[in-house]
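Q: One structure coming up, written as structure tokens, with questions to follow.
In the UniProt record's numbering, the protein residues as written are 1 to 371.
And the structure:
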């Protein structure tokens, strides 16, 4: 009888490695070791040159600021994952479509894409056919999720005043409207996927002169770190932000809607509280209205400077949703009530219509009017 080998639990490797920290906080790399071990993401290093781009500043788990070695242009490099992965294929297809068809300044569009071979491909036949999809796009500023954390660049002009928050909402509504005009459902609208504008070029160049913080990847038992893992990692740093236009980004769940098609709940991210219709139906024929549901939560979050409209994991979503709607309708929402009256009057009906319990009656994002 063939022996069944059980898959090791998620984040199993971190137990065997020393803590990765510079004394301020634990790095997520501690819990990303599985991604490298399973060849889901490439091993790359500071100052490494990939396809004509030199990596100069790590921005996130799989994003780096890089310089084009031909024209010195600074771009963000994002590693999407294994080239043959279906979700990676779809993300690359959507990004390519936007590159060709979308002219909006409110949508993050790529300038280049390429494939990267596994770093062990030449020496180990197990990795010979492993490659990763990579995209390059103009730098963005801090996202709306990060500005609420200690990870935001220390000299950033925070908190944002209410007028700028309202302007950001206008721009993101325009960006998602442009996606919908192209029949693209974003499917993952949440604060982490909305970026403030990048800082000025001179500020970016100054940041690139700062030396990165490096941490060795070492096993607790002293045995060598396997070649499939990085030997050391670099602390991700926030780029900060400047003046300009906010953009919607990250199309890892995005898809082009096909007329008559229905979509399961897992077609959409859970970066925000899932659409309430999925409690009574396994599918939806109104994917753009799921984006509306997400947009309602996002608008509330930005307006209130980081407060969630609903608990991330409510034990009883229908009851919790009714209670939160009642608080907003009756003027008992403490965070919303901190806004100037004119913005309460403007945005209360917009949020309520975007988050109507019936997706058919829900407001389309293209019909949102922020004057």
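Yeah, the Cβ is synthetic: ideal placement off N, Cα and C, and Gly gets one too. Predicted model, so just to flag it, every value in this text is computed and none were measured.
(1) What are the start and end residues of each continuous alpha helix (DSSP H) run of 4 or more residues lying completely inside the region 298-351, in chain order?
(2) Please report how far the alpha carbon of residue 127 lies from the alpha carbon of residue 260, in whole angstroms.
(3) Looking at residue 217: is its Cβ nearer than 9 Å to the Cβ of residue 231?
(4) With DSSP collapsed to three states, give me the class of residue 80.
(5) Measuring only the C-alpha atoms, how far is residue 257 from residue 185?
(6) Are there 16 or more other CB atoms within 10 angstroms of the CB of residue 81, so buried, or fewer, so exposed?
(7) Below 8 Å on the Cβ atoms is my guess for residue 297 versus residue 309; work out the distance and round it to an integer in Å.
(8) What residues match up with residue 137 in a beta bridge as DSSP calls it?
(9) For residue 198, I'd like the list of residues in its chain whose CB is within less than 8 Å of its CB, leaving aside the five on either flank, ordered along the chain.
(10) Quick check: what's the CA-CA separation for residue 77 versus residue 113?
(11) Between 91, 23, 13, 136, which lies nearest to residue 53 when the distance is taken from Cα to Cα?
(12) In terms of residues, what are the limits of the beta strand (DSSP E) holding residue 233?
(13) Tell me whether residue 329 is buried or exposed, calling it buried when 16 or more other Cβ atoms sit within 10 Å of its Cβ.
(14) Per DSSP, what kind of secondary structure is residue 12 in: helix, strand or coil?
(15) Just to confirm, is the Cβ distance from residue 109 to residue 122 under 9 Å?
(16) So residue 228 and residue 50 are in contact, right, with Cβ under 8 Å, and what is the actual spacing, rounded?
(17) With DSSP as the reference, please indicate the residues paired to residue 284 in a beta bridge.
(18) Is it buried or exposed, residue 313, if we count other Cβ atoms within 10 angstroms and call 16 or more buried?
(19) Rounded to whole angstroms, what is the Cα-Cα separation between residue 144 and residue 92?
(20) Provide the residue(s) that pair with residue 114 in DSSP beta bridges, ordered along the chain.
(21) Looking at residue 365: is its Cβ nearer than 9 Å to the Cβ of residue 354?
(22) Rounded to whole angstroms, what's the CA-CA distance from residue 363 to residue 118? Just pull it up for me.
(23) Are residue 106 and residue 178 close, meaning C-beta to C-beta below 9 Å?
A: For this structure:
(1) 317-329
(2) 41 Å
(3) yes
(4) strand
(5) 7 Å
(6) buried
(7) 5 Å
(8) 76
(9) 138, 139, 140, 141, 204, 239, 241, 242, 244
(10) 9 Å
(11) 136
(12) 232-234
(13) exposed
(14) coil
(15) no
(16) The pair is not a contact, with the Cβ atoms about 18 Å apart (cut-off 8 Å).
(17) 263
(18) exposed
(19) 24 Å
(20) 134
(21) yes
(22) 46 Å
(23) yes
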